[in-house]
Amino acid sequence: MGHSVTPPSRLGRLSEGGGTMDAPPLPLEAGQPAVTSSEGVGEATGRSREMLESLLGPGGLVLLRDSVEWEGRSLLKALVRQAVLRGERVHVLGCEVSEEEFREGFDPGTNNRLVYHDLFRDPLNWSNTGEALPGGPLGVLRAMCRRTGPGPVTIALDSLSWLLLHLPCTTLCQTLHALSRQDSRPDDSSPVEHVRVLGLLHEELHGPGPVEALSTLAQIEVTLSGTGDQASAHILYRRPQHRPTHKIQWFTILPDFSLDLQGGSPPKSQPHPDPRTHPVDPATHLTFNLHLSKKEKEAKDSLTLPFQFSSEKQQALLCRGLGQATSHIFYEPDAYDDLDQEDPDDDLDI
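Position one of the sequence shown corresponds to residue 0 (numbering that gives the first Met the number 0), numbered consecutively onward.
In structure tokens, the structure reads:
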């Protein structure tokens with residue numbers, strides 16, 4: 000696992016002094032408008048920022064589903080970086096990796112804006128140093144439910160899989176619901192703020208029940224996959240009073256946790272998309288043919304089925320041939336047969 004590395008052709012060439020040198024421009028075709036490198040970089044940066052902004056959304060739970068083949072921590076850190084650039088307060092609950100490893104790759108300005116809650120070093124306070132967070136992971140999550148000031152807040156959970164292994168699924172779902180919905184409490188007189196929860200989930204570690212429960216809580220769901228060195232994100236948007244929409248986006252995560260987009264599909268509306276389900280042809284691997292050729296169709300149409308009452312059968316029944324033999328039924332009763340029609344059940348003694 001690990002985030003994708005951009006090919007050297009996309010990053011330019013290194014000069015002898017350590018700086019970068021742009022590759023020579025390609026010749027323009029006739030009538031093609033000239034685009035400077037700054038305009039191209041600005042357009043690409045704008046598209047990548049637009050994708051991250053769409054993932055951050057207005058609030059709620061953003062579920063990042065990764066797998067063994069495609070890790071999702073790099074995308075989580077890219078979203079954390081974008082939230083910091085937006086001026087939001089960002090809290091990180093680190094469970095799976097150390098604080099040094101999570102902060103690696105961020106610029107000093109981003110690291111200074113992060114409020115890190117370390118559950119990786121000593122989650123149960125076994126070392127008795129007094130540095131462990133009170134109440135363990137559940138206490139930290141409940142403390143995050145209490146707002147400390149106005150303005151939007153982003154909470155990054157690294158990861159939900161670790162929390163599922165240490166907390167009951169129902170308790171975790173209730174806490175996540177309280178985290179993502181705390182901005183709608185009617186008894187709160189403070190300014191309205193958006194609380195966003197970024198949750199990383201290793202779905203291969205859990206059964207379908209917990210994964211489906213977390214999926215129903217998510218306003219935005221991202222399933223990571225890819226091919227070669229290019230990652231793809233199947234994004235599912237759930238908005239109130241709107242049908243769910245989905246979009247597939249191909250991208251590469253750069254070393255500074257910005258995105259390099261390679262294009263994607265436009266949003267499509269569907270009732271309940273399943274990113275892991277691929278269309279299957281029902282006619283595959285059948286032992287018989289579902290399609291008929293032209294000659295087979297003609298033979299089928301000319302065939303008279305046994306239950307069809309055709310004109311030939313009608314003539315054969317109405318017009319018997321001369322000398323045709325007739326059939327008769329002869330019945331000889333046994334000695335113990337009851338021929339009394341008045342009481343046919345008399346021999347049953349009832």
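All C-beta atoms in this analysis are idealised placements derived from N, C-alpha and C, irrespective of residue type, glycine included. On a predicted model such as this, the values are computed, not experimentally measured, just so you know.
C-alpha gap between residue i and residue j, whole angstroms
i, j, result
"Ser66", "Ser301", "57 Å"
"Trp161", "Glu95", "7 Å"
"Ala77", "Ile252", "8 Å"
"Ser73", "Arg120", "21 Å"
"Phe329", "Leu347", "27 Å"
"Leu304", "Leu289", "20 Å"
"Arg141", "Leu166", "13 Å"
"Leu352", "His193", "Residue 352 is absent from the model: the chain starts at 0 and stops at 349."
"Thr109", "Gln81", "9 Å"
"Leu350", "Pro281", "One cannot answer for residue 350 here, as it falls past the ends of the chain, which runs 0 to 349."
"His327", "Val279", "60 Å"
"Ala33", "Gln229", "The pLDDT assigned to Ala33 is 44, lower than 50, so where the model puts this residue is not dependable, and the model offers no usable value."
"Thr244", "Pro136", "33 Å"
"Met143", "His284", "54 Å"
"His205", "Ala298", "56 Å"
"Arg242", "Leu113", "35 Å"
"Lys246", "Phe308", "57 Å"
"Glu220", "Arg46", "20 Å"
"Leu223", "Gly56", "18 Å"
"Phe287", "Lys294", "17 Å"
"Leu260", "Gln248", "8 Å"
"Glu203", "Arg238", "27 Å"
"Gln240", "Gly93", "34 Å"
"Leu75", "Trp69", "13 Å"
"Ser310", "Lys296", "23 Å"
"Thr226", "Arg102", "28 Å"
"Asn111", "Pro207", "38 Å"
"Leu169", "Ala212", "At residue 169 the sequence reads Thr, which differs from the Leu that was named. The straight-line gap from Cα to Cα measures roughly 9 Å."
"Glu98", "Arg48", "26 Å"
8 Å contact criterion, which residue i and residue j should meet: CB distance rounded
i, j, result
"Phe250", "Ala232", "7 Å"
"Thr153", "Val89", "5 Å"
"Leu63", "Leu199", "5 Å"
"Leu60", "Leu216", "5 Å"
"Ser179", "Val196", "5 Å"
"Val79", "Ala155", "5 Å"
"His376", "Ser158", "Lying outside 0 to 349, the shown extent of the chain, residue 376 is not represented and no answer is given."
"Gly138", "Pro254", "Between Pro254 and Gly138 the Cβ distance is about 35 Å, and since that is not below 8 Å, they are no contact."
"Met50", "Leu235", "Incorrect: roughly 14 Å between the Cβ atoms, too far for contact."
"Glu87", "Gly150", "7 Å"
Helix, strand or coil at residue i [DSSP, three-state]
i, result
"Gln307", "coil"
"Ala33", "Confidence is the limiting factor: at Ala33 the pLDDT is only 44, short of 50, which leaves the residue's position unreliable and the question unanswerable from this model."
"Gly86", "coil"
"Asp117", "strand"
"Gly109", "Strictly speaking, residue 109 in this sequence is Thr, with Gly absent from that position. Here Thr109 sits in helix by DSSP."
"Arg242", "coil"
"Thr286", "coil"
"Tyr330", "coil"
"Leu253", "coil"
"Val96", "coil"
"Leu317", "helix"
First and last residue of the uninterrupted alpha helix (DSSP H) at residue i
i, result
"Asp300", "Lys293 to Ser301"
"Ala282", "Segment: none, Ala282 is in no alpha helix (DSSP H) and carries neither H nor E."
"Pro151", "Segment: none, Pro151 is in no alpha helix (DSSP H) and carries neither H nor E."
"Gly135", "Gly135 to Met143"
Segment limits, beta strand (DSSP E) that includes residue i
i, result
"Arg64", "Gly59 to Asp65"
"Leu235", "Gln229 to Tyr236"
Checklist entry - Which full runs of the alpha helix (DSSP H) of 4+ residues lie inside the segment 156 to 226, going along the chain? => result Counting whole runs of 4 or more residues, the segment 156 to 226 contains the alpha helix (DSSP H) stretches 159 to 165, 168 to 180 and 207 to 216.
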